[in-house]
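What follows is one structure encoded as structure tokens, with my remarks underneath.
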């Protein structure tokens, strides 16, 4: 994984509970990402929020 030279991250973004763990995940696009052996085809990245925020307990009590 990971971006390569010339890749552009996040022209658009969305959110939703993609893995049914009760935590909203972030979905972003990687324009011109090099997908399955095809240059500049683009990728869709799903960022697992539970893994990122588990130790920090960010947003535990909601937004203020």
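In UniProt numbering, the protein residues as written are 1 to 64. Glycine included, each C-beta is placed from N, C-alpha and C at the ideal position.
What are the partner residues of residue i, as DSSP defines its beta bridges?
i: residue 46; result: 27
i: residue 16; result: 25
Do residue i and residue j have their C-beta atoms within less than 7 angstroms of each other?
i: residue 18; j: residue 25; result: yes
i: residue 45; j: residue 28; result: yes
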